[in-house]
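In our numbering, the protein residues as written are 15 to 416. The C-beta atom is built at its ideal place from N, Cα and C for all residues, glycine as well. In this text, all values refer to a predicted model and were calculated from it rather than measured experimentally. Before any comments, here is the structure.
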Ligand SMILES: *Cc1c(COP(=O)(O)O)cnc(C)c1O
């Protein structure tokens, strides 16, 4: 929500690279990472950036350069991470509903793997027995997160192996002598209540004694970030304190101290991102003023997909009189970014910026309506670099058989 790059810079970048344009502030990503590592400094905690939030290879290289690890949601993300230079031991593949062949491929690449179904765990055991350490993604049956579409740990969720099937897990682990190094849970996104994580740890404490070779527990991601003034944020120092206390109260019965892993996505990159658009048309209708921008849910789907709020500012008229606008896109579907939002007076041609678009912004974009995906620019140490070119007509035709 908070702006770190100046309006002047954003306007200059829009002039240079055109709109719509995604701009990322790498230094803000670094600052967010430091907030995590300093809060957890006295514990053996490791962070794996959930890169599905934003996978541009240049962002991944930046993430690597600051010492953060990476968590992947597909084998292609694993390949992107390796391409960005990550050591396989710093790459985690937290799978969900995948074909076993992807697990075989991840194994051959030497990365950490969290397995999320009994059937894949069984296949893994049959094929690799005790030769390769692996993690288990558990479903803790905890309801958490901003809304049902982004809740993943509740007792109707598809994610993970339900903890109440522990007997079946143990039977497979024992039968095939599977080397279990990590237990994972991820309960959702936009979790502001740190007690959700503590509850997750407590669920794991009951299970840990069954796994003698465990070296880490993995509490997933989902830290909440503020989207507007007054919005709550996950209290990271409080979380660090509660995690330490929980471990002090429950030393690992198997002797070895356990590492704690987290997989923050949004927390690291959300506020680093700015989507800059230009206003094509203004329309008055029954008391509503529509500001139609040269973008749509093809570039930023979060408002239409899960009612996400993105603060919108008028870069071209930051001190103009505030009025109510419905900011809409140019897609042939209803694609409203904001309903009756107070914004400084908008004129056709003005540049509007959307905050908090680093996470799940470009990454969820599409070519719907045969429009181009935006260009991406990364700003680091005051230096702006184009990190993805805007699509061209060739990209629309690519792979079509003519
Ligand atoms: C999406 C995801 C995350 C990151 O969630 P954020 O809300 O972006 O922090 C972490 N772990 C897993 C397994 C995920 O699927």
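Those residues that bring their Cβ nearer than 6 Å to a heavy atom of ligand 1 are 64, 66, 67, 85, 87, 108, 200, 203, 234, 235, 236, 237, 277, 278, 279, 280, 281, 373. Taking the Cα of residue 246 as reference, the smallest distance to any Cα among 207, 46, 380 is reached at 207. Per DSSP, reduced to three states, the secondary structure at residue 285 is helical.
A residue is called buried when at least 16 other Cβ atoms come within 10 angstroms of its Cβ; residue 204 meets this threshold and is buried. In this structure, the alpha-carbon of residue 122 lies about 10 Å from that of residue 146. Note on residue 356: under 16 other CB atoms within 10 angstroms of its CB, so exposed under the neighbour-count rule. Residue 391 is bridged by DSSP to 37, 400. In the structure shown, residue 217 falls within a helical segment according to DSSP collapsed to helix, strand and coil. Taking the CA atoms as reference points, residue 136 sits about 38 Å from residue 239.
Burial is judged here by how many other beta carbons sit within 10 angstroms of a residue's own beta carbon; residue 319 has fewer than 16 and is exposed. 384 is the residue among 220, 331, 254, 384 whose C-alpha sits nearest the C-alpha of residue 312.
Taking 7 Å as the cut-off, the beta carbon of residue 153 is found closer than this to the beta carbon of residue 173.
Taking a C-beta distance under 7 Å as the contact criterion, residue 198 and residue 128 qualify as a contact pair. Exposed is the label assigned to residue 90, since fewer than 16 other Cβ atoms lie within 10 Å of its Cβ. For residue 342, the closest of 392, 371, 307 by C-alpha to C-alpha distance is 307. In the structure shown, residue 144 adopts coil according to DSSP, grouped into three states. As the crow flies, the alpha-carbon of residue 374 is around 18 Å from that of residue 108. For residue 336, the enclosing beta strand (DSSP E) covers residues 336-342. By the CB criterion at 7 Å, residue 84 and residue 63 fall inside the cutoff.
Beta bridge pairing from DSSP links residue 230 with 196, 273. Only residues of its own chain outside the window of five on either side were considered, and among them 392 have a CB closer than 6 Å to the CB of residue 399, listed in chain order.
Taking 8 Å as the upper bound for CB-CB distance, residue 125 and residue 94 are not in contact here, some 12 Å apart. Here residue 286 is buried, its C-beta having at least 16 other C-beta atoms within 10 Å. For residue 307, no alpha helix (DSSP H) run applies; the uninterrupted beta strand (DSSP E) run containing it begins and ends at 302-307, by DSSP. Of the other Cβ atoms in all chains shown, fewer than 16 fall within 10 Å of the Cβ of residue 412; this residue is therefore exposed. The Cβ atoms of residue 279 and residue 67 sit closer than 7 Å to each other. In its chain, beyond the 5 residues on either side, 267, 268 have a beta carbon closer than 8 Å to the beta carbon of residue 223. The straight-line gap separating the alpha-carbon atoms of residue 117 and residue 235 is approximately 22 Å. Inclusion of residue 19 and residue 39 in the CB contact set at 7 Å is warranted, their separation being smaller than that value.
Distance check between residue 349 and each of 304, 359, 331 places 304 closest, using alpha-carbon atoms only.
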